[in-house]
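Chemist:
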Amino acid sequence: MVASEATPFIKTGGLADVVGALPAALKARGEDVAVVLPLYRDARVDGARRVAEKLDVWLGLAHYSVNVQMAVERDVPYFFVECPSLYDRKGVYVDAAGDFPDNHIRFAVLAKAALASARHVFRPQILHCHDWQAALAPVYLRTALAGDPTFLGVKTLLTIHNLGYQGIFAPSALPEIGLDPALLTIDRLEFLGDLSVLKGGIVYSDAISTVSKGYAREIQTPEYGFRMDGLLRARSSVLTGILNGVDYSAWNPETDVHLAAHYSLDDLRGKKACKLDLLRQFGLPDEAAGRPLIGIVSRFARQKGFDLIEQAASGLLDEDASLVALGTGEPRYEEMFRNLAAAYPGKVAVRIAYDNPLAHKIEAGADIFVMPSRYEPCGLNQIYSLRYGTVPVVRATGGLDDTIDEDTGFKFSEYSSQALLASLRDALAAWRDRRRWETLMRNGMRKNFSWNASAAEYSALYRRLLA
Ligand code: ADP
Ligand code: GLC
Numbered sequence: 308m309v310a311s312e313a314t315p316f317i318k319t320g321g322l323a324d325v326v327g328a329l330p331a332a333l334k335a336r337g338e339d340v341a342v343v344l345p346l347y348r349d350a351r352v353d354g355a356r357r358v359a360e361k362l363d364v365w366l367g368l369a370h371y372s373v374n375v376q377m378a379v380e381r382d383v384p385y386f387f388v389e390c391p392s393l394y395d396r397k398g399v400y401v402d403a404a405g406d407f408p409d410n411h412i413r414f415a416v417l418a419k420a421a422l423a424s425a426r427h428v429f430r431p432q433i434l435h436c437h438d439w440q441a442a443l444a445p446v447y448l449r450t451a452l453a454g455d456p457t458f459l460g461v462k463t464l465l466t467i468h469n470l471g472y473q474g475i476f477a478p479s480a481l482p483e484i485g486l487d488p489a490l491l492t493i494d495r496l497e498f499l500g501d502l503s504v505l506k507g508g509i510v511y512s513d514a515i516s517t518v519s520k521g522y523a524r525e526i527q528t529p530e531y532g533f534r535m536d537g538l539l540r541a542r543s544s545v546l547t548g549i550l551n552g553v554d555y556s557a558w559n560p561e562t563d564v565h566l567a568a569h570y571s572l573d574d575l576r577g578k579k580a581c582k583l584d585l586l587r588q589f590g591l592p593d594e595a596a597g598r599p600l601i602g603i604v605s606r607f608a609r610q611k612g613f614d615l616i617e618q619a620a621s622g623l624l625d626e627d628a629s630l631v632a633l634g635t636g637e638p639r640y641e642e643m644f645r646n647l648a649a650a651y652p653g654k655v656a657v658r659i660a661y662d663n664p665l666a667h668k669i670e671a672g673a674d675i676f677v678m679p680s681r682y683e684p685c686g687l688n689q690i691y692s693l694r695y696g697t698v699p700v701v702r703a704t705g706g707l708d709d710t711i712d713e714d715t716g717f718k719f720s721e722y723s724s725q726a727l728l729a730s731l732r733d734a735l736a737a738w739r740d741r742r743r744w745e746t747l748m749r750n751g752m753r754k755n756f757s758w759n760a761s762a763a764e765y766s767a768l769y770r771r772l773l774a
């Protein structure tokens, strides 16, 4: 596999959860898996050893010399591409000034280093690439390296975790990443006059998957297709959806190390202590424990639908409920949450941060978890919420629609604050009916989205590719 993030090393979102857990689940099924990642400055890698030195990576006339370090995590080798001029800096994809201007080069080197690793340290039959950051690997394989004996018979799978991030660059980026400018045509890498790295991956991969069946359907429509729906429809015979699993060794209220108390399906008592702990973490009054508490953990991005929260806020907070939110991202949403907290002191609190222990505390301490996403390829937090007996209120899109039903949560379809508010009001009414609520909680806690089932689907797809 080639990817740009994986737990426990480096994480900005759900992709890291997937690349941190799927390989071990595949390994447990007997697959031989290795993962290639960049060695970022912020990556927490213990006990790594160097397995390859001074591998040559050429992007056109530009030369990079990379080392490869290996660390084993849950029995899976993770290979880290060491190239300080590209990865030893503050930030993974962005800094305060925005996207790094050399991201095309950073991830071109990742792709080429992965191919070099395939020659020197791990010989794959399948190259499984995640998102645009890895999508150049199949492009190089089927263009510049076509006919290279090392890769004869090697099949490629591209998993799209989010069609909203495509790796769009000016046409001048093509020669900078060592690709023939002649590839800038509508049937190859050109997208509205620019270079789309993700499009290259979609065009050149043998198979394409995305992270829920619902999203696999949606991206073939103009509404969700980010103007790639036509291409995706053309490739529909090799496009499938495989729902993400959950790493229940990390996300389980019976064992979660970040919680004030533990609880389970048979004994929910500890959840009260978690709620009180959460209120205190956010500086909300203890009395709020008697009111329903709504939680949010998210990247603050347009995708996540927070404009609906903003519009629904006054209606929602007229109700007897509290809201806690944890996230970072676009300044306008950070400001929106800060303003809400200022307008409703004692009722709304926000933490602008990336804080994993606090994310766990919210999953456990909240009563309701809200995700009003504009689109959601899979979404993991709502699935975590189920296991924590925290009832999800979600917009019926992509993986949210596939994972939540009326026995476990509340869904609305139309992208509007009225629809969100109506759904939240239904949830608040249900909360007041203790028996009904506990039934909902328990229904969710019984659900099992284990990685083993998803890994079985990936295995079957790999086999089909090799057949
Ligand atoms: P996405 O990948 O689109 O951000 P997912 O729901 O798939 O959405 O995954 C998000 C992951 O990132 C979850 O594991 C969630 O707990 C975590 N996460 C998001 N924002 C934060 C934050 N501010 N602090 C801690 N964890 C976060
Ligand atoms: C993306 C999507 C999210 C998905 C995650 C892991 O970041 O936004 O819905 O759960 O990838 O596949």
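Okay, so the sequence shown: first residue is 308 according to the working numbering, each after it adds one. In this text, a Cβ means the ideal position worked out from N, Cα and C, and glycines have one as well. Quick caveat: nothing in here was measured; it's all calculated off a predicted structure.
1. Is valine 564 near the ligand ADP, in the sense that its beta carbon is under 6 Å from a heavy atom of that ligand?
2. Could you check if leucine 499 is buried or exposed, using at least 16 other CB atoms within 10 Å of its CB as the buried criterion?
3. Name the residue from Ile484, Glu637, Leu624 and Leu575 whose alpha carbon lies nearest to the alpha carbon of leucine 647.
4. What would DSSP say about serine 720, mapped onto helix, strand or coil?
5. Can you tell which of Ala331, Ile711 and Ser311 has its C-alpha closest to the C-alpha of tyrosine 347?
6. Taking the straight line between their C-alpha atoms, what separation do you get for alanine 656 and phenylalanine 407?
7. Could you please give the first and the last residue of the uninterrupted alpha helix (DSSP H) stretch that includes leucine 586?
8. In the DSSP assignment, what are the bridge partners of cysteine 685?
9. Expressed to the nearest angstrom, what Euclidean distance is found between the alpha-carbon atoms of leucine 747 and valine 698?
10. Looking at the structure shown, is threonine 457 part of a helix, part of a strand, or coil, going by DSSP?
11. Please confirm whether tyrosine 385 has its beta-carbon closer than 7 Å to some beta-carbon of chain C.
12. Would you mind giving the Cβ-Cβ distance between glutamine 440 and phenylalanine 476, rounded to the nearest angstrom? I have them listed as a contact below 8 Å.
13. Please determine whether the Cβ atom of asparagine 559 lies at a distance below 6 Å from any heavy atom of the ligand ADP.
14. Measuring CA to CA, which of Leu630, Asp614, Leu591 and Arg576 is closest to leucine 600?
15. When every heavy atom of the ligand GLC is checked, does at least one fall within less than 6 Å of the C-beta of glycine 474?
16. Go through its chain and collect everything with a Cβ distance to asparagine 469's Cβ below 6 Å, but skip five positions before and after it.
17. Quick check on this structure: which residue in Asp740, Tyr722 and Lys718 has the alpha carbon closest to the alpha carbon of leucine 731?
18. Is the distance from the Cβ of aspartate 306 to the Cβ of threonine 466 below 7 Å?
19. Is it right to say valine 564 is buried, meaning 16 or more other beta carbons lie within 10 angstroms of its own, or is it exposed?
20. Taking 6 Å as the cut-off, is the beta-carbon of proline 684 closer than that to any non-hydrogen atom of the ligand GLC?
21. Just mark glutamine 725 as buried or exposed, buried being the case when its beta carbon has 16 or more other beta carbons within 10 Å.
22. Buried or exposed: where does proline 391 fall if 16 or more other Cβ atoms within 10 Å of its Cβ makes it buried?
23. Using a 10 Å radius around the Cβ and a threshold of 16 neighbouring Cβ atoms, would you call threonine 492 buried or exposed?
24. Identify whether arginine 598 lies in helix, strand or coil by the three-state DSSP scheme.
25. My parser needs the beta strand (DSSP E) runs of 3 or more residues fully inside the region 354-379; what are they?
26. Once DSSP output is grouped into helix, strand and coil, what is the label at arginine 643?
27. Residues bridged to glycine 405 by DSSP?
28. Using 10 angstroms around the beta-carbon of glycine 354, count the other beta-carbons present and answer buried if the total reaches 16, otherwise exposed.
29. On the three-pair Cβ rule with 8 Å, is the region 635-650 touching the region 522-541?
30. Quick check on leucine 731: does DSSP put it in helix, strand or coil?
31. According to DSSP, is alanine 421 part of a helix, a strand, or is it coil?
32. Check each candidate in Arg639, Ala628, Ala480 and Arg771 and name the one with the smallest Cα separation from alanine 737.
33. Hey, cysteine 581 and alanine 568: beta-carbon distance below 7 Å or not?
34. According to the Cβ coordinates, are glycine 597 and serine 680 closer than 7 Å?
35. Figure out for me which residue from Tyr570, Leu366, Val388 and Lys361 has the closest Cα to the Cα of glutamine 376.
Modeler: In brief:
1. Checking every heavy atom of the ligand ADP against the Cβ of valine 564, none is found closer than 6 Å.
2. Result: exposed.
3. Comparing Cα positions, the closest option is Leu624.
4. Under the three-state reduction of DSSP output, serine 720 falls in the coil class, being neither helix nor strand.
5. Minimum Cα distance to tyrosine 347 is reached at Ser311.
6. Spanning the two alpha carbons is a distance of roughly 32 Å.
7. Unbroken alpha helix (DSSP H) run through leucine 586: 577-588.
8. Its beta-bridge partners do not exist; DSSP assigns none.
9. Take the alpha-carbon of leucine 747 and the one of valine 698: they are about 7 Å apart.
10. Here threonine 457 carries a helix assignment [DSSP, helix/strand/coil].
11. This model lacks chain C altogether, as it is built from one protein chain only.
12. Between the beta-carbon of glutamine 440 and that of phenylalanine 476 there is about 13 Å, and that puts the pair past the 8 Å contact cut.
13. No, the Cβ of asparagine 559 stays beyond 6 Å of every heavy atom of the ligand ADP.
14. It is Leu630 whose Cα lies nearest to the Cα of leucine 600.
15. Not so, every heavy atom of the ligand GLC lies at least 6 Å from the Cβ.
16. Shown here for asparagine 469: same chain residues with a beta carbon closer than 6 Å to its own, the five before and five after excluded, namely Pro684 in chain order.
17. Looking at the Cα atoms, Lys718 is the closest of the given residues.
18. Here the chain covers residues 308 to 774 and nothing more, so residue 306 does not appear.
19. By the neighbour-count rule (16 or more Cβ atoms within 10 Å), valine 564 is not buried but exposed.
20. Yes, the beta carbon of proline 684 sits closer than 6 Å to at least one heavy atom of the ligand GLC.
21. Exposed, by the Cβ-count rule.
22. Around the beta-carbon of proline 391, fewer than 16 other beta-carbon atoms lie within 10 Å, marking it exposed.
23. The residue is exposed, with fewer than 16 neighbouring Cβ atoms inside 10 Å.
24. In this structure, DSSP gives arginine 598 a state outside helix and strand, which the three-state scheme calls coil.
25. Taking only runs of at least 3 residues, the beta strand (DSSP E) segments lying wholly in the region 354-379 are 356-366.
26. Reading off the sequence shown, one finds methionine at residue 643, where the question assumed arginine. Methionine 643 falls in the helix class under three-state DSSP.
27. In DSSP, glycine 405 forms a bridge with Asp402.
28. By the 10 Å Cβ count, glycine 354 comes out exposed.
29. In short, these stretches do not touch, since the Cβ pair count stays below three.
30. Under the three-state reduction of DSSP output, leucine 731 falls in the helix class.
31. Looking at alanine 421 - three-state DSSP - the assignment turns out to be helix.
32. Minimum Cα distance to alanine 737 is reached at Ala628.
33. Using a Cβ distance threshold of 7 Å, cysteine 581 and alanine 568 count as a contacting pair.
34. No, the Cβ-Cβ distance between glycine 597 and serine 680 is not below 7 Å.
35. Per the C-alpha coordinates, the member of Tyr570, Leu366, Val388 and Lys361 positioned closest to glutamine 376 is Val388.
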